[in-house]
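J.:
Chains as they are written, first to last, in the numbering used here: chain A, 1016 to 1264; chain B, 9 to 427; chain C, 11 to 342; chain D, 84 to 506.
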């Protein structure tokens, strides 16, 4: 196994407040890595730094051989890293099909083309259909995204994220606000789509975390206090005290 | 706007395809008046329409033209837009109108001149004549002169020359400050001012020469006031109009500067009303006009002015509108038919009585009317005060002096192409 | 006259020193800038709190002037100074309540469009009610006397009164924002608009009051400025864009920024005229000569002849280089 | 057929071409042709503007600079050809040249202005608009101030005897370009770029995370829009043989915004509808009322408030119904007729009242006599005021009754359409 994503002494300040306080983290190719931590620990901020939404205060982020520190989101995306959002972040006025297709276009080399018909590109259409199938939204393809039920929107969110074929996928609380059955469906979906990919997932639902993850990192107040296999994390005293408390499984 | 007009308009629009309607003896001779009747300066257009209707009425009361045909003004709104002006010429042509009248806005005027030229060249059997009653750009009767265009107003050069002549006579004028708007009209006023002050008022020194961003963009004139003061000017010569002169005068008056204003357009009734007479008096406002209705030498016309005042509750201001209509009536009678070319030839060289016993002449070389001009000053001590919107402003215009037609006859570069 | 390079030749001939011209520009710029501040303070409040760039703001300035004209004809200038802004504020609040609030849900672009249309409608309504010509709204005679003379120019009591009023407004606003409970809520809303609702305040109502209040401030500007600048239907469209420039340069959510930007614009336009810097040498750097017609136009350009365009240039540069403005804490 | 299906169908485009082709037969007079030419120009400009506003979500207050500057270029080029300064370029292809000139400007200005969307973009566009307008007045040698510049489109060789001297010929030139530009702009919405343009408009943040540089997308949209605006500007210059500063100033920019928004930004047909309607209204309304600007403003504000989809949005609101069963629309007919009638009654009263006020304050003669709806009335008389007030009040009362009825029927029909689809 080789390292795909490496964070080195990563720091982020908002004004005087330090949100990320020197994070070092290495994620291996093909692993399913979960990041857990209490609210306000900086999980989403970490994602925002990796994906290029926020500027890093200091430190380095490497994606395979590329230094992606402070690169812009689309550049990072083109290097094969894609992310989803905690608050559903889709194209509300477009149909489900169009949403997914937006995710596909760049990776299929369509770029900024304004002289080719988008419907005429068979590969794009096929790839979009495949993604729709895999997120089980094929029969809702013509419905405007904003009219979808919440769980379907979350599935679409994941669909857009993986549509570009990125091999490093960052999911931000994919099951937030879902019922049990819906959660189970999404977990199955994640398992399915994350084959042959590197997956990083931020999640609050511990059953999901321990179900999915090969490794777990615990982020507390902007620092990684532990990074290990699920079993070891379960047994880690520091984690229990600092974060998990007594209501741990 | 009355019903008959609306009906005609509808008819005109419907029958637009049948462009030339046969003329009956009783059918009126229609003049298309293309001015802004909507938009921010509609008031000027509407006032112009009133004045033309009044002038036309006088002709009609005498029995009209061509042995009993009435003249009728057909208002065509150009919303102060150059393209709409050409469109309205087209509409007039569609309605069978052969003479269009316009004056407000040089950009509209140049478009009408160019369009009429092209149209007449392309449709020699359906020509149109253009009577310009107020667009003053000098080039219209120089490089851009046209057989189909007649100007009944003095051009920029003539107006400035008149002002310069008077300034040369005024011993109080020593240091002059020029302020003009930074666009075509303002710049030609600036050039003319430099030229004619040098020619006609040699003792006068030009101590400042500024161009400002035009059309109300300058809010605060204080720095200009400071420069006028700093330059030790005793006189301001300006072609500014609208908010650009209103604010300038207010700023100068409020700073208590003792200068006098020689203006091309400071006497426009709307301007006087907005400036207020206090400030107007404070800057000793002067204007140049084709004549002053209050003057004794216009005794013969006093009933005409009085009846206008009675009807519209305002003093007759633009006398050129009267003689535009009168000269047109005379020309069409002389031509004997409603034919633009014949009317044009009749207008060439036509004379008409002007103020101070002088005659006005429509110069055939360039179709620029040659006339004397009157310089007047705002004053409280006048026999007849200025009335505007039914209100006595407590001031009037007092003739300082006049400049003869001969003095204002300027050479032209026009090479007229006649059909 | 070697010492006169760049300085207005006219002033130079008089032997006025550069420092004097500077002082003079500063003072006149201050007078004009403080008038701008009266408009921009209301606009920046509205913009900061509601995110609405009120295109119709200068229309309320115009309403203030017209109201003042009518009221001062009936019962005098002093009541007008109170009632005209009040009337404009009420109209503003009503428009917010029944117009802007409806549009709010469609987003900021729709709000901008709404106020754009509103500016148009108000201008036309003013023409409908007061006609298209200027109204003789004049300076109250009680203050139309010379208070002092400086460098040969009279300064009327009225201009000084205008200056004092706007300084007073700044002080009052500052006090309101930093020393009162309402002010603290507003300040909170300026920097974190979404927080205020979370604290249990009735945000729509706060918006309505803010909008009305801002419009009232603009109307005070109209009452005081209408008689100096002229009261006509075009006055709003002429002044409106400049006020945007001021608050964009000053920065969002910053009353101080609005003040400084107003004065800056005031002084800039004044100094551009007073010094009347020729651009010829500048264009010469790029090889523009007066041989061609266009070159001649460019070479003859001076800062005075383009003074009123300079603010737009600065605004564009500011938006490109520092979109949060001089003192803003958020981007536009 | 759905909106998209409609435009993908060649039949619709053929009908459009046919309309353009046949217009001069009933409307052959100089004035009518001039209005028709103006409409085609307005359509191109409105569609170009909607690439920015509707497709790209960028609100510009200064887009007329691309319209006007191409026009200036065109007139100069015509004159240079006339003087033999430049080589001959077919007049019929000048719009391409003008479009390219605007496109180059679009590249330059877009570089700095499209870095952000929303209010920042709007303000930068305003700034550029004001600066260019000022320049047209200051640099007289090129722009010739408020008078503008004139040209003669009748230059060069005359292939097939086409000189563009006559109004009909130049109308067909404008019509052909209008058709071509509309097809091109529609095609662009169906390309990857077109789709991403919408994506960036709806959710710029997300668009970055699917690999697209949002600034680049906006920049490209801006450039293309400038190109088509330039085509419109060139046609304008060719039709009127004149350009002046009013082709670049903020009023022109505001006007195209009015057209596009009133027509509807959400659909491709909206701006076309707006352009045709507003051009027609401006050419006839001003003959009947001085207050037409006011009515314009009120229509605009009403649409912003109650029908943000514009007129086309109102029409295509019914798309689900006619897709389901066009017969259902019949059930909406009489409520709509009722609603419309009430609005008309109210409008008669309100407009009458407004016209009287307008006349009262703008009548300098002091006679206060005017013609309203064909009646000669005196404004000193209270009767017309009262009558108009009563008509207005009745209309408003009817509106209060009929609007809920319209809404109720609308919901019923929609509901039924949905039910049928789900079955």
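Idealized CB from N, CA, C, for every residue including glycine.
Given the structure is predicted, the values throughout are model-derived calculations rather than measurements.
#1: Under 7 Å Cβ to Cβ from residue 1179 of chain A, same chain only, skipping five residues before and after it: list those, please.
#2: Counting only Cβ pairs nearer than 7 Å, list the residues of chain D close to residue 1066 of chain A.
#3: With H, G and I counted as helix, E and B as strand and the rest as coil, what does DSSP make of residue 416 of chain B?
#4: Spell out whether any CB of chain D is found under 8 Å from the CB atom of residue 315 of chain C.
#5: Residues of chain B with a CB under 8 Å from the CB of residue 42 of chain C: which are they?
#6: Could you pull the start and end residues of the beta strand (DSSP E) that residue 368 of chain B belongs to?
#7: Would you verify that the beta carbon of residue 438 of chain D is, or is not, closer than 8 Å to some beta carbon of chain A?
#8: Let me check understanding here. Comparing Cα to Cα, which of A/1135, A/1247 and A/1224 lies closest to residue 1052 of chain A?
#9: Quick one: give me the first and last residue of the beta strand (DSSP E) that residue 187 of chain B is part of.
#10: Whole angstroms are fine: how far does the CA of residue 152 of chain D sit from the CA of residue 343 of chain B?
#11: For the 8 Å Cβ check, are there 3 or more pairs between the region 1131 to 1138 of chain A and the region 1207 to 1225 of chain A?
#12: With contact counted as at least three CB pairs below 8 Å, one residue from each stretch, are the region 222 to 229 of chain D and the region 190 to 201 of chain B in contact?
#13: Assess, as a yes-or-no matter, whether the region 387 to 400 of chain B is touched by the region 269 to 284 of chain B under the definition of 3 or more beta carbon pairs within less than 8 Å.
#14: Work out the CA separation of residue 1245 of chain A and residue 1048 of chain A for me, nearest whole Å.
#15: Within this structure, are the beta carbons of residue 3 of chain B and residue 125 of chain B separated by less than 8 Å?
#16: To the nearest angstrom, report how far apart residue 141 of chain C and residue 76 of chain C are at their CA atoms.
#17: From the DSSP output, read off the bridge partner residues of residue 233 of chain D.
#18: Kindly indicate if chain C contains any beta-carbon less than 8 Å away from that of residue 398 of chain B.
#19: Are the Cβ atoms of residue 444 of chain D and residue 138 of chain C separated by less than 8 Å?
#20: Looking at C-alpha atoms only, which residue of C/162, C/125, C/88 and C/244 is the closest neighbour of residue 387 of chain D?
#21: If you measure from the beta carbon of residue 254 of chain C to each beta carbon in chain D, is any gap under 8 Å?
#22: What are the partner residues of residue 360 of chain B, as DSSP defines its beta bridges?
#23: Would residue 473 of chain D be called buried (16 or more neighbouring beta carbons within 10 Å of its own) or exposed?
#24: Checking contacts by CB at 8 Å: is residue 301 of chain B closer than that to chain D?
#25: Which residues, in chain order, does the region 142 to 166 of chain C contribute to contact with chain D at a C-beta distance below 8 Å?
#26: Taking buried to mean at least 16 other C-beta atoms within 10 Å of its own C-beta, is residue 30 of chain B buried or exposed?
#27: Give every residue of the same chain whose Cβ lies closer than 7 Å to the Cβ of residue 116 of chain D, excluding the five residues on either side of it in the sequence, and list them in chain order.
#28: Any heavy atom of the ligand PLP closer than 7 Å to the beta-carbon of residue 176 of chain B?
#29: Taking 8 Å as the threshold (C-beta atoms), are residue 333 of chain B and residue 60 of chain B in contact?
#30: List the residues that DSSP assigns as beta-bridge partners of residue 375 of chain B.
#31: List, in chain order, every chain C residue whose beta-carbon is nearer than 7 Å to that of residue 207 of chain D.
#32: Under the three-state reduction of DSSP, which class applies to residue 100 of chain B: helix, strand or coil?
#33: So is residue 199 of chain D in contact with chain C if we call contact Cβ pairs under 8 Å?
#34: Tell me which same chain residues have a C-beta within less than 7 Å of the C-beta of residue 1027 of chain A, skipping the five on either side of it?
#35: Decide if residue 400 of chain D is buried, meaning its Cβ has at least 16 other Cβ atoms within 10 Å, or exposed.
#36: Where in the region 229 to 288 of chain B do unbroken runs of the alpha helix (DSSP H), each at least 4 residues long, occur, reported from the N-terminal end onward?
T.: According to the data block:
#1: Against the first chain, residue 1179 of chain A aligns to sequence position 164. If we look at residue 1179 of chain A and ignore the five residues flanking it on each side, its Cβ neighbours are 1092, 1097, 1118, 1119, 1121 and 1122.
#2: Here the question's residue 1066 of chain A lines up with position 51 in the first chain. 292, listed in chain order.
#3: Within the second chain, numbered from 1, the residue matching residue 416 of chain B stands at position 408. Three-state result, residue 416 of chain B: helix.
#4: Numbered from 1 along the third chain, position 305 holds the residue referred to as residue 315 of chain C. True, the Cβ-Cβ gap to chain D drops below 8 Å.
#5: Taking the first residue of the third chain as position 1, residue 42 of chain C is located at position 32. Proximity of chain B to residue 42 of chain C at the Cβ level (cut-off 8 Å) is accounted for by 227, 228 and 230, in chain order.
#6: As a working note, residue 368 of chain B is residue 360 in the second chain. Here the beta strand (DSSP E) through residue 368 of chain B covers 367 to 370.
#7: Here the question's residue 438 of chain D lines up with position 355 in the fourth chain. No - not a single Cβ of chain A is within 8 Å of the one on residue 438 of chain D.
#8: Reading the first chain from its first residue, position 37 is the one you call residue 1052 of chain A. Residue A/1224 is the option with its Cα nearest to residue 1052 of chain A.
#9: What you label residue 187 of chain B is simply residue 179 of the second chain in a count that begins at 1. Per DSSP, residue 187 of chain B belongs to the beta strand (DSSP E) from 183 to 189.
#10: As a first step, residue 343 of chain B must be located in the second chain, where it is residue number 335. As a first step, residue 152 of chain D must be located in the fourth chain, where it is residue number 69. Cα to Cα, the separation comes out at about 45 Å.
#11: no
#12: The region 222 to 229 of chain D vs the region 190 to 201 of chain B: in contact.
#13: yes
#14: One-based indexing of the first chain puts residue 1048 of chain A at position 33. One-based indexing of the first chain puts residue 1245 of chain A at position 230. Answer to the nearest angstrom: the Cα atoms are 10 Å apart.
#15: No information on residue 3 of chain B is available, as it lies outside the stretch 9 to 427 that chain B covers here.
#16: Taking the first residue of the third chain as 1, we reach residue 141 of chain C at position 131. Taking the first residue of the third chain as 1, we reach residue 76 of chain C at position 66. C-alpha separation (whole angstroms): 11 Å.
#17: Position 150 of the fourth chain, counting from 1, holds the residue named residue 233 of chain D. The partner list for residue 233 of chain D (beta bridge, DSSP) reads D/325.
#18: Here the question's residue 398 of chain B lines up with position 390 in the second chain. With 8 Å as the cut-off, residue 398 of chain B does not count as an interface residue toward chain C.
#19: In the fourth chain, the residue the question calls residue 444 of chain D occupies position 361. In the third chain, the residue the question calls residue 138 of chain C occupies position 128. In contact: residue 444 of chain D and residue 138 of chain C (Cβ atoms closer than 8 Å).
#20: For the purposes of this step, residue 387 of chain D is taken as residue 304 along the fourth chain, with counting starting at 1. Selected option, being the one with the closest Cα: C/125.
#21: Taking the first residue of the third chain as position 1, residue 254 of chain C is located at position 244. So, interface residue.
#22: In the second chain, counting from the first residue as 1, residue 360 of chain B sits at position 352. B/368.
#23: Locating residue 473 of chain D in the fourth chain gives position 390, counting from the first residue. Under the 10 Å beta carbon count, residue 473 of chain D is surrounded by fewer than 16 other beta carbons and is classified as exposed.
#24: Counting from 1 along the second chain, the entry for residue 301 of chain B is found at position 293. Not closer than 8 Å to any Cβ of chain D, the Cβ of residue 301 of chain B fails to qualify, so no.
#25: 142
#26: On the second chain, residue 30 of chain B is found 22 positions in, with the first residue counted as 1. With a pLDDT of 41 at residue 30 of chain B, under the threshold of 50, the modelled position of this residue cannot be trusted; read the value that follows with caution. That one is exposed.
#27: Numbered from its first residue, the fourth chain carries residue 116 of chain D at position 33. Within the same chain, residue 116 of chain D has close Cβ partners 107, 110, 250, 251 and 254.
#28: Only the bare structure without any ligand can be found here, which leaves the ligand PLP out of the picture.
#29: To locate residue 60 of chain B, count along the second chain from 1; it is residue 52. To locate residue 333 of chain B, count along the second chain from 1; it is residue 325. Yes, the pair counts as a contact, with Cβ atoms nearer than the cut-off.
#30: Within the second chain, residue 375 of chain B is the residue found at index 367, counting from 1. For residue 375 of chain B, which the question treats as bridged, DSSP gives no partner whatsoever.
#31: Here the question's residue 207 of chain D lines up with position 124 in the fourth chain. Correct list: 326 and 329.
#32: Along the second chain, read from residue 1 onward, the residue named residue 100 of chain B stands at position 92. Helix.
#33: As a working mapping, residue 199 of chain D is identified with position 116 in the fourth chain. Using a CB distance cut-off of 8 Å, residue 199 of chain D counts as an interface residue toward chain C.
#34: Working through the first chain from its first residue, we reach residue 1027 of chain A at position 12. Contacts found: 1034, 1035, 1060, 1064, 1069, 1071 and 1072.
#35: On the fourth chain, residue 400 of chain D is found 317 positions in, with the first residue counted as 1. With fewer than 16 other Cβ atoms inside 10 Å of its own Cβ, residue 400 of chain D counts as exposed.
#36: 230 to 238, 251 to 262 and 277 to 283
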